[in-house]
Amino acid sequence: MLSPGTVLNTRFRLKHPFSTNSVRHTWLAEDLMFQDQVVLKLLALSGSMDWDDLKLLEREAQALQQLSHPRIAQYRDYFALNTFNQWFGLVTEYVPGVSLKQKLEKHHRFTPKQLQWIAQQTLDILQYLHQLAPPVLHRDIKPSNLIWGTDNQIHLIDFGCVQLQPRLPGATFTVVGTYGYTPIEQFGGETVPASDLYALGMTLVHLLTGIAPAELPQKDFQIQFRDQARSQIDFQFAQWLERLLQPAVGDRYQSAHQALVALNASAAHLIQSPENTGIRLTKLPDHLTIEIPSRFSIEYLWPLRRNTRDSILRFKQQFQKFPASSKSRLPEC
7 MLSPGTVLNT
17 RFRLKHPFST
27 NSVRHTWLAE
37 DLMFQDQVVL
47 KLLALSGSMD
57 WDDLKLLERE
67 AQALQQLSHP
77 RIAQYRDYFA
87 LNTFNQWFGL
97 VTEYVPGVSL
107 KQKLEKHHRF
117 TPKQLQWIAQ
127 QTLDILQYLH
137 QLAPPVLHRD
147 IKPSNLIWGT
157 DNQIHLIDFG
167 CVQLQPRLPG
177 ATFTVVGTYG
187 YTPIEQFGGE
197 TVPASDLYAL
207 GMTLVHLLTG
217 IAPAELPQKD
227 FQIQFRDQAR
237 SQIDFQFAQW
247 LERLLQPAVG
257 DRYQSAHQAL
267 VALNASAAHL
277 IQSPENTGIR
287 LTKLPDHLTI
297 EIPSRFSIEY
307 LWPLRRNTRD
317 SILRFKQQFQ
327 KFPASSKSRL
337 PEC
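Quick note: the sequence shown uses the numbering used here, first residue 7, plus one each step.
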């Protein structure tokens, strides 16, 4: 029985579990060799275990050994234990911080600037993965797998669904991913770099709306998110996001590099509203809208009937009580 304080493989002391079930355990542990914290994934060899799970764990270990990126949780060890009913263990470095899923659960409202920053950070990682030969496809981009680290950087974790080699025609495959974030071609075993971009787009939509992608309305198989947005986003960023979410693979950006270049180009045209002023700037293709809040407010003490001379005269008398610096000139009635 696994419990806090148990030392596995003479090196890793269990601290507390992140998640457990009959065959899978994920623990925070201490690496006694390097005196730091690690994440330990354990898979029990039992009658209820799906052999595909072991295949995916071994593939994850293989992938992580090949990867070297400062914002990908690094491989530490992979081992088998005969003393605990044949457990297989994968150890990776621990990334201190909070997942984007945890931020959503705390009702964090992501600003447009934060969304673009998260997109840029994630695309930088995907660009590294997709430029490898052959491309490494994560296949499970979602809020719980993106960590907002204490170093104020976005980190990518959990390569349990990773694809290292393109699927050969006619070969069997395991369907992986998370419903709502996974594009349709992935269910058919035809994952490509643009599949990870689709999952990133769905992740950004979840952060923008606070609604899980599977619960958002669709039109012609495309997610409709603009009316659900909790923050006002720039027109160019919305268009960029919609291209990530195209149902047809060929209609999306074809690489993380292409998507990142397009995102940076759109961000260069953004106009930031002055802080702490209440002024709102909205940039559209053919015009810029500037909304400036009033410097004062009036509480009406009587019903103000529109288009009546008496009401206008009453309003003018009340308005003249304000300091000259606070009011505009009223036309004569």
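Each residue gets a CB set at the ideal place from its N, CA and C atoms; glycine is no exception.
Quantities reported herein were computed from a predicted structural model and do not represent experimental measurements.
Exercise. Out of L110, S28 and I160, state which residue places its alpha-carbon closest to the alpha-carbon of A79.
Key: Within the sequence shown, the letter at position 73 stands for residue 79. With distances taken between Cα atoms, A79 lies closest to I160.
Quiz item: Can you tell me whether S25 is buried or exposed, with buried defined as 16 or more other CB within 10 angstroms of its CB?
Solution: Counted from its first residue, the sequence shown places residue 25 at position 19. The residue in question, S25, is exposed, as its Cβ has fewer than 16 Cβ neighbours within 10 Å.
Practice problem: Could you spell out the range, first to last residue, of the beta strand (DSSP E) harbouring R145? | Solution: Position 139 of the sequence shown, counting from 1, holds the residue named residue 145. No beta strand (DSSP E) holds R145; DSSP gives it neither H nor E.
Quiz item: For S261, which of helix, strand or coil comes out of DSSP?
Solution: Counting from 1 along the sequence shown, the entry for residue 261 is found at position 255. S261 falls in the coil class under three-state DSSP.
Quiz item: Is it a yes or a no for the segment 236–251 touching the segment 116–124, going by three-plus beta-carbon pairs under 8 Å?
Solution: yes
Quiz item: The alpha helix (DSSP H) with Y134 in it runs from where to where?
Solution: Counting from one through the sequence shown, the residue named residue 134 turns up at place 128. That run of the alpha helix (DSSP H) goes P118 to H136.
Quiz item: Using 8 Å as the threshold, is the segment 197–211 in touch with the segment 130–138, meaning 3 or more CB pairs across them?
Solution: yes
Self-check item: Residue of L70, S28 and A265 minimising C-alpha distance to D164
Solution: What you label residue 164 is simply residue 158 of the sequence shown in a count that begins at 1. Nearest option by C-alpha distance: L70.
Quiz item: Along the chain, which unbroken stretches of the beta strand (DSSP E) at least 3 residues long are found entirely within the segment 230–259?
Solution: none
Practice problem: State the DSSP-derived secondary structure class of L307, mapped to helix, strand or coil. | Solution: Residue numbering aside, residue 307 sits at position 301 when the sequence shown is read from its first letter. Per-residue confidence for L307 stands at a pLDDT of 44, beneath the threshold of 50, marking its modelled position as unreliable; no derived number is given.
Quiz item: Under a Cβ-count criterion, where at least 16 other Cβ atoms within 10 Å of its own Cβ denotes burial, should K112 be classed as buried or exposed?
Solution: Residue mapping note: residue 112 aligns to position 106 of the sequence shown, counting from 1. Burial call: exposed.
Quiz prompt | Three-state secondary structure assigned by DSSP to E196 | solution = Locating residue 196 in the sequence shown gives position 190, where the first residue counts as 1. Residue state, collapsed to three classes: coil.
Quiz item: Straight-line CA distance for F116 to L213?
Solution: Taking the first residue of the sequence shown as 1, we reach residue 116 at position 110. Taking the first residue of the sequence shown as 1, we reach residue 213 at position 207. Each residue's Cα considered, the two are about 6 Å apart.
Quiz item: Between which two residues does the alpha helix (DSSP H) harbouring D58 extend?
Solution: Working through the sequence shown from its first residue, we reach residue 58 at position 52. D58 -> alpha helix (DSSP H) spans W57 to Q72.
Quiz item: Mind checking whether K148 and T209 have CB atoms under 8 Å apart?
Solution: Residue mapping note: residue 148 aligns to position 142 of the sequence shown, counting from 1. Residue mapping note: residue 209 aligns to position 203 of the sequence shown, counting from 1. Closer than 8 Å, so yes.
Quiz prompt | Beta-carbon gap between P141 and I190 smaller than 8 Å | solution = Along the sequence shown, one-based indexing puts residue 141 at 135. Along the sequence shown, one-based indexing puts residue 190 at 184. No, Cβ-Cβ distance for P141 and I190 is not below 8 Å.
Self-check item: Member of L96, L49, T180 and E248 whose CA lies at the smallest distance from the CA of E66
Solution: Taking the first residue of the sequence shown as position 1, residue 66 is located at position 60. Closest option to E66, Cα to Cα, is L96.
Quiz item: Does the Cβ-Cβ distance between V267 and V198 come in under 8 Å?
Solution: As a working note, residue 267 is residue 261 in the sequence shown. As a working note, residue 198 is residue 192 in the sequence shown. Not closer than 8 Å, so no.
Quiz item: Are L20 and S28 touching if we call contact CB-CB under 8 Å?
Solution: Position 14 of the sequence shown, counting from 1, holds the residue named residue 20. Position 22 of the sequence shown, counting from 1, holds the residue named residue 28. No, Cβ-Cβ distance for L20 and S28 is not below 8 Å.
Quiz item: Just curious, the alpha helix (DSSP H) that L110 is in, first and last residue?
Solution: Here the question's residue 110 lines up with position 104 in the sequence shown. Counting along the chain, the alpha helix (DSSP H) containing L110 begins and ends at L106 to E111.
Quiz prompt | C-alpha distance - Q68 paired with F18, whole-angstrom precision | solution = For the purposes of this step, residue 68 is taken as the residue at position 62 of the sequence shown. For the purposes of this step, residue 18 is taken as the residue at position 12 of the sequence shown. Taking the straight line joining both Cα atoms gives about 20 Å.
Practice problem: Classify T32 as helix, strand or coil using the three-state DSSP reduction. | Solution: Numbered from 1 along the sequence shown, position 26 holds the residue referred to as residue 32. If DSSP states are grouped into helix, strand and coil, T32 belongs with the strands.
Quiz item: If you draw a straight line from the alpha carbon of V168 to that of I296, how long is it in whole angstroms?
Solution: Counting from one through the sequence shown, the residue named residue 168 turns up at place 162. Counting from one through the sequence shown, the residue named residue 296 turns up at place 290. Near 46 Å, if we compare the C-alpha coordinates of I296 and V168.
Quiz item: For R312, does the three-state DSSP call read helix, strand or coil?
Solution: Sequence index remark: in the sequence shown, residue 312 carries index 306 (1-based). Only weak support is given to the placement of R312: the predicted model assigns it a pLDDT of 46, under 50, and the value that follows is read from those uncertain coordinates. The answer is coil: DSSP assigns R312 none of H, G, I, E or B.
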